[in-house]
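Below: the structure, in structure tokens.
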Amino acid sequence: MSNKISEEIYKVGVYDNIIDLFEGHYCVPDGITYNSYLLKGEKNIVIDTVDKNYINQWLHNINDLLNTRVVDYLIIQHMEPDHSAGVEKFLEAYPNAKIIGNIFTFNMLKQYFPEKNFDNNIMLISDNQEIIIGDRDIKFIFAPMVHWPEVFFTYDKKSKTLFSADAFGRFGKDDNSEWTDEARRYYIGIVAKYGTQVQSALGKISQLDIKRVCPLHGPILDDNLEKYVHIYDLWSKYLPESKGVVIAYTSVYGHTKQSVELLAEELRDKNIKCEIFDMCRCDKSIAVASAFKYSNLVIATTTYNMDIFPEMRDFVESLVLRNYQNRNVAIIENGTWAPNAKNVIIALLKNSPNLNISGNSVTIKSSMTEDNKQQIRNLAEEIAKQVL
Ligand SMILES: Cc1cc2nc3c(=O)[nH]c(=O)nc-3n(C[C@H](O)[C@H](O)[C@H](O)COP(=O)(O)O)c2cc1C
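With the working numbering, letter number 352 in the sequence shown gets 1780, and the count goes up by one each step, no holes.
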């Protein structure tokens, strides 16, 4: 695969397909890329480094393209170690290079490399600053808390390229495979809490004439950019992408699961899109991302020592932590002697704004009665009215 993006811009990043968990948390069955870019010109610029396991490969990628020339500038858009681990070795290879960052960047740099003194190399930039580097006009656009405080984007006027740090990133290879699902799982998992800050960054970049977006993970985006901006706008406003239902459930002995199957059958009979997640047996990050994708959520769970099943608590808390809002929610609870799951869920969701919690919640005592079955059908009717 060619590393050339344009006449003067090259990919020098790496692909990690042996990682077990990204950010110590997320399964990445198709691996992850740590993107880094080389801008060749009168002055050579590298944007971001890579994870600690790939520094030599990355330096080799750069060197291969430069022959005997040197790198003059390293721009550190993001200090998360999967992008900044290579700074020290970079300076060993290019000791006279300037490293560009903001005040937060350099504080973090000291924390991550306490033994090293970077004072002779640093070049401090401010928000919206434009600088001429060789034959390029480069603008820095701060994007604080997307998703760390030091983050900024870099806009190269000459090529109309936006380097967007972790924004617009995606799990998996740098290839043409479907973008949205794994980009959503990345965004909802890692960035979703900071919708306001993403909105502010989107506002800033809307002023720019952008031909391509180069994120720090996954493919470069250079077609139909409106599509990606639109979807980021929805995600950061916490609005659903699709009408449809996620049913998240737990069930110890299978009776709650039966109620979920009945509900799913009723919904599918009405041609309503429906995704079901057994919270003890699924990848939670997919369930959470899907809950954000759709307009409706049904939580079906067992009472467990007067609380709810631990995996369901974790799921609901994961939604709340990411500012879950603007959705229709319904609850099916089960309990053998004192069902209490509904109360617990409502309490967990109490600070989530603009949730329409259905009055048609269902309480099952151990196994479904005929009344419960009718309540499930009523719930399906209510959901159909909201969705169709
Ligand atoms: C460890 C454990 C604790 C439970 N605690 C409660 C409880 O506090 N209150 C209650 O009504 N039912 C309790 N139950 C019963 C579950 O809610 C029970 O699994 C459910 O009613 C049957 O649904 P299921 O077949 O989907 O598991 C508990 C079950 C287990 C295994």
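Where a beta carbon is used, it is the ideal one built from N, C-alpha and C, also for glycine. Quantities reported herein were computed from a predicted structural model and do not represent experimental measurements.
Check whether the Cβ of residue i sits closer than 7 Å to any heavy atom of ligand 1, and report yes or no.
i	result
Thr1533	no
Thr1731	yes
Asp1684	The residue you asked about is not Asp; residue 1684 is Thr in the sequence shown. Indeed, a heavy atom of ligand 1 lies less than 7 Å from the Cβ.
Thr1608	no
Thr1791	no
Met1734	yes
Trp1765	yes
Ser1718	no
Asn1779	no
Val1688	no
Tyr1681	yes
Ser1512	no
Asn1762	yes
Asn1768	yes
Ser1670	no
Ser1628	no
Ser1794	yes
For residue i, which residues from the same chain have a beta carbon less than 6 Å from its beta carbon, with the 5 sequence-adjacent residues on both sides left out?
i	result
Ile1760	Ser1687, Ala1728, Val1790
Ile1503	Ile1475, Ile1528, Thr1582
Asp1837	This structure leaves residue 1837 out entirely; the chain is present only between 1429 and 1816.
Glu1378	Because the chain in this structure spans residues 1429 to 1816, residue 1378 falls outside the shown range and cannot be described.
Phe1705	Ala1676, Ala1715
Asp1711	Cys1455
Ile1425	Nothing in the structure corresponds to residue 1425, since the chain is present only between 1429 and 1816.
Lys1480	Ala1513
Lys1685	Ser1679
Ala1595	Val1574
Within the same chain, show all residues whose beta-carbon is closer than 8 Å to that of residue i, passing over the 5 residues directly before and after it, in chain order.
i	result
Leu1776	Arg1741, Val1744, Glu1745, Val1748
Val1498	Asn1472, Tyr1522, Asn1524, Ala1525
Ala1692	Ile1675, Cys1702, Ile1704
Glu1810	Ala1758, Ser1786, Asn1788
Taking buried to mean at least 16 other C-beta atoms within 10 Å of its own C-beta, is residue i buried or exposed?
i	result
Ser1464	buried
Lys1538	exposed
Asn1472	buried
Asn1756	buried
Thr1797	exposed
Ala1766	exposed
Leu1649	buried
Tyr1681	exposed
Arg1598	buried
Ser1713	buried
Arg1709	exposed
Asn1549	buried
Asp1602	buried
Leu1590	buried
What residues in its chain sit with their C-beta under 7 Å from that of residue i, if we drop five residues either side in the sequence?
i	result
Lys1801	Leu1690
Tyr1722	Pro1668, Ser1670, Gly1672, Val1673, Val1674
Pro1572	Val1579, Gln1625
So residue i packs on residue j, CB below 8 Å; how close in whole Å?
i	j	result
Ile1566	Glu1558	7 Å
Asn1806	Ala1758	The Cβ separation is near 10 Å, so there is no contact.
Ile1736	Ile1773	7 Å
Ser1794	Thr1764	5 Å
His1511	Tyr1462	6 Å
Lys1439	Asn1445	Contact flag wrong, Cβ pair sits at about 16 Å.
Glu1417	Gly1469	Since the displayed the chain opens at 1429 and closes at 1816, residue 1417 lies outside it and no answer follows.
Thr1826	Glu1578	Outside the modelled stretch of the chain, which goes from 1429 to 1816, sits residue 1826, for which no answer is possible.
Lys1665	Gly1623	7 Å
Could you say if the segment 1657-1675 and the segment 1722-1737 meet the contact criterion of at least three C-beta pairs nearer than 8 Å? In short, these stretches touch, since the Cβ pair count reaches three.
With a cut-off of 8 Å, do at least 3 Cβ pairs link the segment 1646-1660 to the segment 1605-1617? Contact holds: three or more Cβ-Cβ distances are below 8 Å.
State whether the segment 1641-1656 contacts the segment 1624-1631, with contact taken as three or more CB pairs (one from each stretch) at a distance under 8 Å. In this structure the segment 1641-1656 does not touch the segment 1624-1631; the number of beta carbon pairs closer than 8 Å is below three.
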